[in-house]
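K.L.:
Quick one: the structure is below, and I'll ask about it shortly.
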Amino acid sequence: MNVDCNTYSSNSNTVRDALCFFLDEEMGHKLGFVQYPQNYDNMTKNNIYGNSLHVINEVEMGGMDSLGGPLYVGTGCFHRREILCGRRFTKEYQEDWNRGIKGRIQDTSIDEIEEKAKSLATCTSEHDTQWGDEIGLKYNCPMEDVITGLAIHCRGWESVYNNPTRPAFTGLGPTTLAQTLLQHKRWSEGSFSIFLSKYCPFLFGHGKTKLRHQMSYCIYGLWAPNSLPTLYYVIIPSLALLKGIPLFPKITSPWIAPFIYAFCVKNMYSLYEALSCGGTLKGWWNGQRMWLVKRITSFLFGAIDIVRKLLGLSKMTFAVTPKVSSEDESKRYEQEIMEFGSSTPEYVIIATIGLFWLIPFTVTLASFGFVMLDFLVPIV
8 MNVDCNTYSS
18 NSNTVRDALC
28 FFLDEEMGHK
38 LGFVQYPQNY
48 DNMTKNNIYG
58 NSLHVINEVE
68 MGGMDSLGGP
78 LYVGTGCFHR
88 REILCGRRFT
98 KEYQEDWNRG
108 IKGRIQDTSI
118 DEIEEKAKSL
128 ATCTSEHDTQ
138 WGDEIGLKYN
148 CPMEDVITGL
158 AIHCRGWESV
168 YNNPTRPAFT
178 GLGPTTLAQT
188 LLQHKRWSEG
198 SFSIFLSKYC
208 PFLFGHGKTK
218 LRHQMSYCIY
228 GLWAPNSLPT
238 LYYVIIPSLA
248 LLKGIPLFPK
258 ITSPWIAPFI
268 YAFCVKNMYS
278 LYEALSCGGT
288 LKGWWNGQRM
298 WLVKRITSFL
308 FGAIDIVRKL
318 LGLSKMTFAV
328 TPKVSSEDES
338 KRYEQEIMEF
348 GSSTPEYVII
358 ATIGLFWLIP
368 FTVTLASFGF
378 VMLDFLVPIV
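Here the sequence shown is numbered in the numbering used here, starting from 8 and rising by one per residue.
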């Protein structure tokens, strides 16, 4: 079992439930790990920073469960020990378990097991071994957990997702805007680096996992490049509005129907997902707002950092998200007041985009006012 340093168990049945999956007579021998969702216990009612992960936990991860298993998220996970040691799945694994491993455990004394545990607990147990390369977690990447899970799936193992009503593990989520953007920058940067590496799900998983399973991994691998079309989407319409250039058909034209349909269906479906996962209407709106902010800041800087790394202009770093806030920041967070903190490049982008829309909107509104004034003067 592994969990993050700021995560604790909140369900006494978690271990028992995981063992039930591993010991299942029909499917247990195929499972490499049992993944529980990542939950936070300090979320506000209306999810001001969009960090609750409810939709990801209940919809996206649940969908991956039917395609071969969820990805390994780095916390709240139970691994089969042999899997971390590099074992591949074979149809004979269940027989090997019954013949060999159980027998070795029964023939081993408690003292011998204790001595082996002491040697594994030392700081030098991994020195001059394949641990972190062919065995165990895959290091040298900000998202080593995703690569580890993908490697396990590509060795023929499946995983299972268990999302009990009472959360199995809970931790602390970001409580300021800066913490939120930093966390999603690391996630998007790490996932995009995997997509561009030899561990790309389409390349590394070719012939080893289902195509749909590979595509589900790429949902997160393409977070960073999605910042570019989003940035175009928030800049070009404002400039077109300022210049008076129509980008869409007139409201009276039948060709406007596809645009209205796409806009309405997308928002109605996302609202349904949010409400069905226990969210609120205001929480859904906050999530939509934060998703746009994350795309034009965290995802954009994540993509830029990966390009700089590929060009040899920078080295990979692991940015730990701070989860400690001052008393004033915590109070504002509980009151659902957005905390900006000190100035960062991300805030420059947010302010610039805001001005890009404020100026055209003001100019257009003033032009409309002058038109109405010219229309009313002859009447007077």
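For each residue, glycine too, the CB sits at the ideal point set by N, CA and C.
In this text the structure is predicted, and so the values were computed from the model without any measurement.
Based on DSSP bridge pairs, tell me the residues matched to residue 153.
P.N.:
Counting from 1 along the sequence shown, the entry for residue 153 is found at position 146. None; residue 153 has no bridge partner.
K.L.:
Thinking C-beta only, is residue 70 closer than 7 Å to residue 294?
P.N.:
One-based indexing of the sequence shown puts residue 294 at position 287. One-based indexing of the sequence shown puts residue 70 at position 63. The answer is no: Cβ separation not under 7 Å.
K.L.:
In chain order, what residues of the same chain have a beta carbon less than 7 Å from the beta carbon of residue 61, not counting five sequence neighbours either side?
P.N.:
What you label residue 61 is simply residue 54 of the sequence shown in a count that begins at 1. Cβ within range, chain order: 284, 285, 286.
K.L.:
Could you tell me which of 343, 253, 128 sits nearest to residue 289, measuring between CA atoms?
P.N.:
On the sequence shown, residue 289 is found 282 positions in, with the first residue counted as 1. Among 343, 253, 128, the Cα nearest to that of residue 289 belongs to 343.
K.L.:
Could you compute how far the alpha carbon of residue 391 sits from the alpha carbon of residue 234?
P.N.:
No statement about residue 391 is possible, as the shown extent of the chain runs from 8 to 387 and does not include it.
K.L.:
Put residue 213 into one of helix, strand or coil per three-state DSSP.
P.N.:
Position 206 of the sequence shown, counted from the first residue, corresponds to residue 213. In this structure, residue 213 counts as coil in the three-state DSSP scheme.
K.L.:
Assuming residue 17 contacts residue 175 under a Cβ cut-off of 8 Å, what Cβ separation, rounded to an integer in Å, is found between them?
P.N.:
Taking the first residue of the sequence shown as 1, we reach residue 17 at position 10. Taking the first residue of the sequence shown as 1, we reach residue 175 at position 168. Contact flag correct, Cβ pair sits at about 7 Å.
K.L.:
Taking buried to mean at least 16 other C-beta atoms within 10 Å of its own C-beta, is residue 161 buried or exposed?
P.N.:
What you label residue 161 is simply residue 154 of the sequence shown in a count that begins at 1. Buried, because 16 or more other Cβ atoms sit within 10 Å of the Cβ of residue 161.
K.L.:
Across the stretch 205-214 and the stretch 273-280, are there enough close Cβ pairs to call them in contact, namely three or more that are closer than 8 Å?
P.N.:
Contact between the stretch 205-214 and the stretch 273-280 is absent, because fewer than three Cβ pairs lie under 8 Å.
K.L.:
Three or more C-beta pairs under 8 Å: does that hold for the stretch 185-198 against the stretch 113-129?
P.N.:
They do not touch, by the three-pair rule.
K.L.:
In this structure, how does DSSP classify residue 225 when only helix, strand and coil are distinguished?
P.N.:
Start at 1 with the first residue of the sequence shown, and residue 225 comes out as number 218. The answer is helix: DSSP assigns residue 225 an H, G or I state.
K.L.:
Is residue 268 buried or exposed, if buried means 16 or more other CB atoms sit within 10 Å of its CB?
P.N.:
Mapped onto the sequence shown, residue 268 falls at position 261. Counting Cβ neighbours within 10 Å, residue 268 comes out exposed, since fewer than 16 surround it.
K.L.:
Determine the extent of the beta strand (DSSP E) in which residue 167 is found, giving its start and end residues.
P.N.:
Residue numbering aside, residue 167 sits at position 160 when the sequence shown is read from its first letter. Here the beta strand (DSSP E) through residue 167 covers 165-168.
K.L.:
For residue 264 and residue 247, what's the separation of their Cα atoms in angstroms?
P.N.:
One-based indexing of the sequence shown puts residue 264 at position 257. One-based indexing of the sequence shown puts residue 247 at position 240. If I take the Cα positions, the gap works out to 21 Å.
K.L.:
Return the residue from the list 172, 92, 98 that minimises the CA-CA distance to residue 136.
P.N.:
As a first step, residue 136 must be located in the sequence shown, where it is residue number 129. It is 92 whose Cα lies nearest to the Cα of residue 136.
K.L.:
Write down the C-beta distance between residue 256 and residue 262 rounded to the nearest angstrom, noting that I regard them as a contact closer than 8 Å.
P.N.:
Taking the first residue of the sequence shown as position 1, residue 256 is located at position 249. Taking the first residue of the sequence shown as position 1, residue 262 is located at position 255. Indeed they touch by this definition, with Cβ atoms about 4 Å apart.
K.L.:
Would you mind working out which of 54, 38, 34 sits nearest residue 182, comparing C-alpha positions?
P.N.:
The count along the sequence shown starts at 1 and reaches residue 182 at position 175. If we check each option's Cα against that of residue 182, 54 comes out closest.
K.L.:
With distance defined between alpha-carbon atoms, name the residue in 228, 222, 85 nearest to residue 203.
P.N.:
Here residue 203 refers to the residue found at position 196 when the sequence shown is read from its first residue. Per the Cα distances, 228.
K.L.:
In three-state terms, what does DSSP make of residue 172?
P.N.:
Translated into positions along the sequence shown, residue 172 becomes position 165. Three-state DSSP puts residue 172 in coil, outside helix and strand.
K.L.:
Just curious, the alpha helix (DSSP H) that residue 70 is in, first and last residue?
P.N.:
Mapped onto the sequence shown, residue 70 falls at position 63. That run of the alpha helix (DSSP H) goes 68-72.
K.L.:
Comparing C-alpha positions only, which one of 74, 368, 28, 44 sits nearest to residue 217?
P.N.:
Your numbering for residue 217 matches position 210 in the sequence shown. It is 74.
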